[in-house]
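Visitor: Starting off with a structure, shown below.
Numbering (the working numbering), first residue to last: 2 to 263.
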């Protein structure tokens, strides 16, 4: 199991913030699909011996574009955006990409979403990437359980759950139970904290999350044989995101030591 962190935790162009991640001890990062200077980012990633683990393929989609839209033009725009993100992920060496659940639109919208995701998942597979779907309270897939059910109904072999433990906390779900239920459908994990109601992306143990929850989460990951990446996704609006990342990394190291000592 490897640790990454989402590059958008630090304000500024990714190519400028990369040295700070190295200073904090990270050797992996996640990026969004709106990179402006791709060649320069590539050069800096190679220069600092970093690896890109994952790309947020649906980030920055144009207004009106949606994979679940009734409008064929809007769907085409959303697919084109997602496909560009997947291709960028391949270029940067990522092994996983993901999309976030869209706005609630009922059963028909979910059917359209499923069709679009199947197309995106096919391209992702051709490019050598897993495609994850992230649950988000208030959206069409508000819980991890609902997302798992949706993915199993779609049945595409290259569609996976991206589990966000902060989002699970908001929806009252136990991450360890989700991990056990997901099994091989678990494709990626985001680590963050909050007050239990708002999507704040705080540092670990800075909200209502208990260390025991993290211990059980990491124990579940070990027990199910998860050998992928877990990634810190913290907000750039925190008072000091860099301090929060360092502290969260220390929490993870402590938690993993506890799990190893079981």
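Glycine residues also receive a C-beta, built at the ideal position from the N, C-alpha and C atoms.
Determine whether the beta carbon atoms of residue 219 and residue 257 lie at a separation below 8 Å.
Guide: Yes; because the gap between Cβ atoms is below 8 Å, this pair is in contact.
Visitor: Distance, Cα to Cα, residue 181 vs residue 225?
Guide: 7 Å
Visitor: Do you know offhand how far residue 145's Cα is from residue 228's?
Guide: 20 Å
Visitor: Counting C-beta neighbours from all protein chains within 10 Å, is the total for residue 12 16 or more, i.e. buried, or is it exposed?
Guide: exposed
Visitor: Would you say the stretch 189–203 touches the stretch 143–157, given that touching needs at least three Cβ pairs under 8 Å?
Guide: Flag = no, the stretch 189–203 and the stretch 143–157 do not touch.
Visitor: Looking at residue 128: is its Cβ nearer than 8 Å to the Cβ of residue 91?
Guide: It is a contact, given that the beta carbons lie within the stated cut-off.
Visitor: Would DSSP call residue 108 helix, strand or coil?
Guide: helix
Visitor: Within the same chain, show all residues whose beta-carbon is closer than 8 Å to that of residue 205, passing over the 5 residues directly before and after it, in chain order.
Guide: 192, 193, 194, 215, 233, 248, 249, 252 and 253
Visitor: According to the Cβ coordinates, are residue 164 and residue 122 closer than 8 Å?
Guide: Result no, Cβ atoms of residue 164 and residue 122 do not sit closer than 8 Å.
Visitor: Nearest-angstrom Cα distance between residue 39 and residue 77?
Guide: 24 Å
Visitor: Under the rule that 16 or more other beta-carbon atoms within 10 Å means buried, what is residue 63, buried or exposed?
Guide: exposed
Visitor: Rounded to the nearest angstrom, what separates residue 101 and residue 36 at their Cα positions?
Guide: 18 Å
Visitor: Count the CB pairs spanning the stretch 127–143 and the stretch 164–176 that are closer than 8 Å, and state whether there are at least three.
Guide: Under the 8 Å Cβ criterion, the stretch 127–143 counts as touching the stretch 164–176, having at least three qualifying pairs.
Visitor: Kindly indicate the opening and closing residues of the beta strand (DSSP E) around residue 97.
Guide: 97–101
Visitor: Pull up the DSSP beta-bridge partners for residue 7, would you.
Guide: 31
Visitor: Extract the residue ranges of the alpha helix (DSSP H) inside the stretch 154–201, only unbroken runs of 4 or more that lie entirely within it.
Guide: Within the stretch 154–201, the complete alpha helix (DSSP H) segments of 4 residues or longer fall at 166–171 and 176–183, listed in chain order.
Visitor: Residue 210 and residue 170: beta carbons closer than 8 Å?
Guide: yes
Visitor: Beta-carbon within less than 6 Å of residue 239's beta-carbon, same chain only, minus the 5 sequence neighbours each way: which residues are those?
Guide: 245
Visitor: Determine, using beta carbons only, whether residue 33 and residue 10 come nearer to each other than 8 Å.
Guide: no
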